[in-house]
Structures are given as C-alpha cells and as structure tokens.
Amino acid sequence: MTFDQIMQVALSGLLMGLIYALVAAGLSLIFGLMDVVNFAHGELMMVAMYAAFTLWQVSGLDPMIMLPLVALLMFGIGMAVYRLLIARALAVRFNKGMVQIFVTFGLAIFIRGAAQMVFGGEFRAVTGTVLADRSWHLGGVFLPWPQLAAGVVCLLAFGGLYLVGRTEFGRALEATREDRDAVALIGIDRDRIFSLGWGLGAATLGVAGVMLAGFYYVSPNVGANFALIAYVTVALGGFGSLMGALVAGLLIGEVEAVTAQLLEPSLKQVGMFAIYLAVLMFRPRGLFGKI
Amino acid sequence: MQNAITLRRRRELITAAILLVLLIVLPLPFHDPYTRNLMILTLLYAALAQSWNILGGTCGQISLGHSLYFGVGAYVSTLLFVWHGVPPWLGMWAAALVAGLLALLVGWPCFRLSGHYYAIATVVVQEIAYLLFLNWDYIGGASGVYVPFHGQSWMNLQFRTAKLPYFYVMLGFFALTWIAAWLIEGSRWGFSWRAVKDDVIAARSLGVRVFPSKMAAAAISGGLTGIGGAIFAQFVGYIDPDSILSGPLSILIALPAVLGGVGTLWGPLLGAAVLIPLRELSSTFLGSSGSGVDLMLYGALIMVVALLRPQGLVSLFQRGGNGSTS
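Top line first, the protein sequences correspond to chains A and S. Just so you know, the numbering used here puts the end of the first sequence at 1588, numbered straight through with nothing missing. Just so you know, the numbering used here puts the end of the second sequence at 364, numbered straight through with nothing missing.
Set out below in structure tokens:
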C-alpha cells in the first residue's frame, strides 16, 4: 500500500467521521438533557434530506444555500416532536424507559411510512450542483468537493454547538441536565428548555442531512443505517458528551474506512462495531461518559 | 398473603387451561389458509414475546437484539436437518441449547452495561451476527438456505399445504413459553429477577446475586427464542439473514410484550393478538401499493398504545386496577 493510498483512506474516513459525529451530537444532546434515546433520530435526518431535496427540486438552488432554512424547519419539527410526544412520554407513570424507546420507535416507523407515501420508495439524488462531481486533487489523493464541504460545515456546526453551550441558554441547558427539579426554583422553565433542546438536536440533524444530501442518495430507509452508527457513536463517546461524540465519530469514520479497505466492503461495519464493544468492556459508559 | 398469591396463581392456571381449549378449537371454523396463517403468526410472535419478556420484562434487561437467538436457532436446526437429516423435533432442542449458550456469551460482557448502553450493545451484537451470516458462504450467505421437502410428515414437521398442524405446533410452543413464564413467576428466581428489575442496588443489598440472575434469565429467554426459530424455519421452508436475523425482527419480538404489558403473563399474547393481525392486514390491504400507509398505521398504533396504556393493554382487563402488573 502506497502513502497516497493510506492518506486517501485516512482522509475519506475523516470526512465521513465528521458527518457521523454531527449526527451523533444531536442524539447525545437530547440524551444528556433528559435521558431519552431518540430512536427516530435517523428518520428525522431522512426528513432533513428530503427537505433539502424538495427545496432543490422546486427552486433549483444549491441545497447548501437552503441550509439555514432546513435547519430552521428541523428546529421547529424537533420542538413539535417534543411537545406532541416526548413531553407526554416523560409524564407516564409506568415503564418510563420502555415507553420512551417505543414511542420514538413508533415515530420512526410513522415517518418512514409518510416518506414512502409522499416520495415513493425510489432512491433520489440532488444532482448538478456547483460542487457535484468535482474533486480536489492533493498529490495522489482525491477528495470529492461535496464531502469536503460537508466536513467543513460539520466542524463549523460543532463550533456553533460549543458556543451555544457558553451562552445563557447553554448554561440553562447544563443546569437542567444537572438537576432537572432544582432548576425550577431558580426560574428556569424546564419544559421550555427541553423543547428548545429537542429543537437544537433536530437542527444539527438538519445541517448534517443537507450536507449528506449533496453526495448521498435519499430514500425512506436511508435513516436506519445512519441511526445505528449514531447510537454506536454516542455510546462509544459517552451519552451526553459533545466532545465524546466528536472523538467517537472520527474514530468510527476511520475504523470504517480501514475495515472497508482490509475486508470486503459489505463487512465494513463489523470493524466499528467490534471497536465499540471492545471499548465498552473497559469503559462501560463510553470514552467521555459521566452519566 | 401467601395464600392470596397461591390463589391468584391457581386462577391463572385455570384461565390458561380454558384459553388453551378455546385456542384448540379456534382455527376449526376458518378454512382459508390466509386466516390460519395469520393465527399461526400471531401465536409465533406471542410465544417469542413471552420468551423476550422473561429477560426484558421480568428481569428488566431491555434486549433489542433478540432476533440473534431466533436466527441462530433457525440456522442450527435447519442445517442439522439439511446436512444430516436430523429431525426438527431434535433440532429444536439443539437450537435451544446453542441459542441459550449464545445468550450467556453475549450476556457475559453486555450485562456489565446498564440502561441504554445495554440496549444498544444488544443491537450491535445482533448486527455483527447479521453481517457475518450475510457473508458466510458456507452456510448459504445472503442467498439463504432452502429446507428440502421430504414429504408430508409430523416427524419432519413438513406439511404440503396444510396449515392446521403448524397452528398446533405453534400453540404448543406458546404453551411452553407460557408455562416457563408461569413457573418463573412463582419461583425464587422470579422474585430475584423482579428485584433486579426494580432496583439493582436494593436487590444486591438483600443478597440477590445480580449478575447470575441476569445470565439465567438471558439463557432461558434466548433458548426459548431459539426453539421458535427452529419451528419457523420448517414453517416457511426458507431462511436467510434478512428474514430471521434482522433489526426490525428484534423489535417485532419485543413489541407484543411492550404493548400488551411488560412483565405480565398475558401481555405478550394480548399484544400479539392486536399487533400481528393489524400489521398483516394493513400490509395486505394497504401496503401492496407501496404507499406507506400501512407503516404509518403501524407506527401510530405503537405510539398511541405506548402513550395511552404505558402499563400495557392487559391493564384494561384488570379489575381493581391498582396498576400492579408484575
């Protein structure tokens, strides 16, 4: 294997890892805030991808220009999901954990069905954008522009999440996470923080979904695979940790790229799953997990 | 107090006996294969959910990867049958043994994880197995295994077109899982496992050995699920990783118990009796056009039942209704 090939694998893994990391960050944020694992996470990302696709089809404009719009839309959807379903799931008195799992799981199936109804089962793709089919040649390494742009935007989004964490709202998020009952005493509306948290989590998915739509086919089932990787990433990094999501996402991306190189491509996920199980043997709460 | 429990348990046994008689005559008036097929599937998922419930409901360890035991059980008995002519009646016990041992093997590392970490680990282990089976050409890989037809026989559990024998085999399987759950409920194990479910730390301080409890629950739950896989393989005559070792199947194994009532004796049957016909009918009448309406209905049902009846549909039948279901 030449140096160029090694660099190629490493950089491809890095770019994909950034997307995984951002998808996982949204999941981790919601979990850290209220102990709820969103099993419809992949399907919400699929909604963002279809939103990008539809806006592109209607307007002809590059999905990247639409990014703020899709993120805003997803913010609203996230808040609506919280208000309509999650708030109710948090209020039940029996089998709380089980209800949360299966309510979000039911939502996932519902969204998949709705996508099937509106868009049909075919694979769809955004084509003919400015970046499409171009790549950057760096020595012998070849990096497609859509993936590069996605990587950069994901990094920026991580920076954004970090900055949000330092605002007044971010501190309220952190306080609510620490003690969800005590915050009421200092005038923080827990319900409002939770719903904004869901909005923020879904908006990060909006960013990831739009960037992914630039080089990945959209179909009603596209979410399932990304969601599984997101759960693994979050558990590997530690639930609730932003840093954990970033590190674990990059690790998963690299391991996937290397496994695909060494084993058959159809086995490329075995490597990341094995690494995940191995790490959990030594750190049952993930690399950066506290809760 | 002890008396009240004995009385309740005896009443449950009598209810079960009456229900068994009703279920034996149930398929007789229905002659079309579609209806009988529906009944067979309902019993299958009721039995699988009953098996899942032993680990997920009684012991509180939410496994979202149970199709692993189902799939491995199906492969064990089918390959024994295809390669060595071992009759499925023996093969299903081999399946139970292998699936039970596998559950111990999976449990050994995974039971050190708690809550969501455990649930996600079970999904991952099952996905690894799925990918490996998909690429393992020696046992058929992605193209699966056909079960050759050796002529109509009870010995081989093969019947050309008749559905009724499979119905009774599934009924027997369901009865087996129910009896297992009933025995566990009244045994020392049942008390320990429920204690582990309710509060691990309190259970440990009362002298319950937490890790062995989880392992025992996993072995029994996995073993019973493996038997289901063995019977299912003879019923459909063809197995491949997508149909018997997949993520959606894992959820479908757990769902009837969750909707019917987690940790209850009758929840799995009730949940399956609602969920499976609805799922099958909606996919037959609404799903054929590929419109997705069937999925929307299925998803909505799960959300509504989980939110409105978090203690399960079985609570609708409980008088007094103090909510204690376990």
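The beta-carbon is built from N, C-alpha and C at its ideal position, and this holds for glycine as well. Computed from a predicted model, the values in this text were never measured in an experiment.
### Query
What residues from the stretch 309-340 of chain S come within 8 angstroms of chain A, judged by C-beta to C-beta, listed N to C?
Gly328, Ser329, Gly330, Val331, Asp332, Leu333, Met334, Leu335, Tyr336, Gly337, Ala338, Leu339 and Ile340
### Query
Along the stretch 77-97 of chain S, what residues have a CB closer than 8 angstroms to any CB found in chain A?
none
### Query
CB-CB under 8 angstroms to Phe1328 of chain A, same chain, minus the five flanking residues each way: which ones, in chain order?
Val1334, Asn1335, Val1531, Phe1536 and Gly1537
### Task
Would you identify the three-state DSSP class for Trp1632 of chain A, choosing helix, strand or coil?
Because residue 1632 of chain A is not part of the residues shown, which for chain A are 1298 to 1588, the question remains open.
### Length of the line joining the Cα atoms of Arg47 of chain S and Gly224 of chain S
8 angstroms
### Message
Any beta carbon from chain A within less than 8 angstroms of His154 of chain S's own beta carbon?
### Response
yes
### Task
Pick helix, strand or coil for Ser191 of chain S, following the three-state DSSP scheme.
strand
### Three-state secondary structure (DSSP) of Tyr113 of chain S
helix
### Query
Hey, would you say Leu1326 of chain A sits closer than 8 angstroms to Leu1509 of chain A, going by beta carbons?
no
### Message
Residues in the same chain with beta-carbon distance under 8 angstroms from Ala344 of chain S, minus the five sequence neighbours each way, listed in chain order, please.
### Response
Val296 and Leu297
### Task
Within its chain, find whatever has a CB closer than 7 angstroms to the CB of Leu1364 of chain A; leave out the 5 residues flanking it on each side and keep chain order.
Val1504 and Val1507
### Task
Would you kindly work out how many angstroms separate the C-alpha atoms of Gly361 of chain S and Leu303 of chain S, rounded to a whole number?
For Gly361 of chain S, the predicted model reports a pLDDT of 42, less than 50, meaning its position is unreliable and no value from the coordinates is stated.
### Query
Quick one: is Ile277 of chain S near chain A, going by C-beta distance under 8 angstroms?
no
### Query
Given a threshold of 16 other Cβ atoms within 10 Å of its Cβ, counted over all protein chains shown, does Gln272 of chain S qualify as buried or as exposed?
buried
### Message
Rounding to the nearest angstrom, what Cα-Cα distance links Ile1406 of chain A and Ala42 of chain S in this structure?
### Response
43 angstroms
### Message
With a threshold of 8 angstroms on Cβ separation, who are the neighbours of Phe211 of chain S within its own chain once the five nearest residues in sequence on each side are excluded?
### Response
Leu81, Leu82, Ala85, Ile265, Gly266 and Ile269
### Task
Answer yes if the stretch 51-68 of chain S comes into contact with the stretch 280-296 of chain S, meaning at least three C-beta pairs across the two stretches below 8 angstroms, and no otherwise.
no
### Query
Can you tell which of S:Ile282, S:Tyr72, S:Pro67 and S:Ile158 has the C-alpha that lies nearest to the C-alpha of Ala180 of chain S?
S:Ile282
### Within-8 angstroms CB hit, Glu223 of chain S to chain A
no
### Task
Using the DSSP secondary-structure output, state which residues sit across from Leu1440 of chain A in a beta bridge.
A:Trp1433
### Task
Run down chain S in chain order and give the residues with a C-beta less than 8 angstroms from the C-beta of Val1567 of chain A.
Ile166, Leu169 and Leu170
### Task
At 9 angstroms on the CB atoms, spell out the chain A contacts of Leu303 of chain S, in chain order.
Chain A residues near Leu303 of chain S: none, gap ~16 angstroms exceeds 9 angstroms.
### Message
Run through chain A and tell me which residues come within less than 7 angstroms of Gln349 of chain S, C-beta to C-beta.
### Response
Phe1391 and Asn1392
### Message
Short of 7 angstroms Cβ to Cβ, which residues in the stretch 1453-1475 of chain A face chain S?
### Response
none
### Nearest candidate by alpha-carbon position, reference Ala1303 of chain A, set A:Tyr1573, A:Ala1557 and A:Gln1566
For the record, residue 1303 of chain A in the displayed sequence is Ile; it is not Ala. When only C-alpha atoms are compared, the closest one is A:Ala1557.
#### Entry: Beta-carbon contacts of Gly1323 of chain A that lie in its chain and below 6 angstroms, excluding the five residues immediately before and after
Gly1498, Thr1501 and Leu1502
### Task
Taking only the alpha-carbon atoms, compute the straight-line gap between Gly359 of chain S and Ser353 of chain S and give it to the nearest angstrom.
Its pLDDT being 44, under 50, Gly359 of chain S is placed unreliably by the model, and nothing is read from it.
### Query
Once you ignore the five residues that flank Met100 of chain S on each side, which residues in its own chain have a CB closer than 6 angstroms to its CB?
One point to set straight first is that residue 100 of chain S is Ile, not Met, in the sequence displayed. Answer for Ile100 of chain S: Gly94 and Ala157, listed in chain order.
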